[in-house]
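First residue of the sequence shown: 1, per the UniProt record's numbering; consecutive thereafter.
Glycine residues also receive a C-beta, built at the ideal position from the N, C-alpha and C atoms.
On a predicted model such as this, the values are computed, not experimentally measured, just so you know.
Here's the structure we're looking at; comments come further down.
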Amino acid sequence: MNQENSFYPQLLQLGLNLPNQNSLVSCSQSDLVMIEKSLWPLYQKSLSKKPDMTELERFLGLFSYHHQDLMGQFLSQKASLSEMQRVFETHLETEHQEKFSAPIIKQLWLSSYIWLFLQGRMNLDFSLANDHATEVSKALSGVLNTEVEVMRCELNKAYYQGISAFQSSETNKPLWKKWFEKWLN
Numbered sequence: 001m002n003q004e005n006s007f008y009p010q011l012l013q014l015g016l017n018l019p020n021q022n023s024l025v026s027c028s029q030s031d032l033v034m035i036e037k038s039l040w041p042l043y044q045k046s047l048s049k050k051p052d053m054t055e056l057e058r059f060l061g062l063f064s065y066h067h068q069d070l071m072g073q074f075l076s077q078k079a080s081l082s083e084m085q086r087v088f089e090t091h092l093e094t095e096h097q098e099k100f101s102a103p104i105i106k107q108l109w110l111s112s113y114i115w116l117f118l119q120g121r122m123n124l125d126f127s128l129a130n131d132h133a134t135e136v137s138k139a140l141s142g143v144l145n146t147e148v149e150v151m152r153c154e155l156n157k158a159y160y161q162g163i164s165a166f167q168s169s170e171t172n173k174p175l176w177k178k179w180f181e182k183w184l185n
């Protein structure tokens, strides 16, 4: 996807860092491109239908929708994905098992990671983000053979990355602007 059909630079400007390769599910920019391709028409539509939305609000809406869609798809395929994983574990050596994974696993992981980042970036309630991280972790843990708590903590790193980006954007505002915004609210 070329630069003009990509919202990745805007996510970077918001402070997003993709999960590193040591993450439980290794993701790359090409995985983000897959998500962008599926969300691009909806993103374009939202630009024309709701031009008054901020990019942050737009991305939160897009990734909320995408997360729910992927979660539904994943849950409907979970039994077959678990069976596929069991076959890989039974018939392949450990070093080769990692080469095989269903794209929906990476997409759900990355979409959830970005969605939780956006929740933190908007300074939304942690308990809700934590509940979503727990839900995704429980769903993926059986297929990935990873502890739910380890996965939940990994996803919550994205939320805290968003909080950090929110706080740094708030410290860049002049004091008079912070006071005025607080007074208006």
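Only counting the same chain, and skipping five residues up and downstream in sequence, which positions put a Cβ closer than 7 Å to that of residue i?
| i | result |
| --- | --- |
| Leu-155 | Ser-112, Tyr-113, Leu-116, Ala-133, Val-136 and Ser-137 |
| Leu-14 | Leu-56, Arg-121 and Ala-165 |
| Asp-131 | none |
| Ser-169 | none |
| Gly-72 | none |
Cα separation between residue i and residue j?
| i | j | result |
| --- | --- | --- |
| Gln-29 | Trp-109 | 13 Å |
| Ser-76 | His-67 | 14 Å |
| Leu-118 | Glu-93 | 38 Å |
| Ser-38 | Asp-69 | 11 Å |
| Leu-16 | Gln-10 | 9 Å |
| Ile-104 | Leu-140 | 11 Å |
| Cys-153 | Thr-146 | 12 Å |
| Gln-107 | Val-150 | 19 Å |
| Gln-44 | Gln-167 | 29 Å |
| Asp-52 | Arg-58 | 10 Å |
| Leu-124 | Asp-31 | 26 Å |
| Tyr-159 | Leu-128 | 11 Å |
| Val-33 | His-91 | 32 Å |
Around the Cβ of residue i, are there at least 16 other Cβ atoms within 10 angstroms (buried) or fewer (exposed)?
| i | result |
| --- | --- |
| Gly-162 | buried |
| Ala-79 | exposed |
| Val-87 | exposed |
| Cys-27 | buried |
| Lys-50 | exposed |
| Leu-18 | buried |
Which same chain residues end up closer than 8 Å to residue i when comparing Cβ atoms and leaving out the 5 residues on each side of it in sequence?
| i | result |
| --- | --- |
| Leu-42 | Leu-62 and Tyr-65 |
| Leu-60 | Trp-115, Leu-118, Gln-119 and Met-122 |
| Ser-48 | none |
How about residue i and residue j: are their beta carbons less than 8 Å apart?
| i | j | result |
| --- | --- | --- |
| Phe-74 | Glu-36 | no |
| Ser-82 | Val-143 | yes |
Please return the same chain residues whose Cβ sits closer than 6 Å to the Cβ of residue i, not counting the five positions on each side in sequence.
| i | result |
| --- | --- |
| Thr-20 | According to the sequence displayed, residue 20 carries Asn and not Thr. Within the same chain, Asn-20 has no close Cβ partners at all. |
The ligand HEM and residue i: does the residue's C-beta get closer than 7 Å to at least one heavy atom of that ligand?
| i | result |
| --- | --- |
| Leu-108 | Among the components of this structure there are no ligands whatsoever, and the ligand HEM is therefore not found. |
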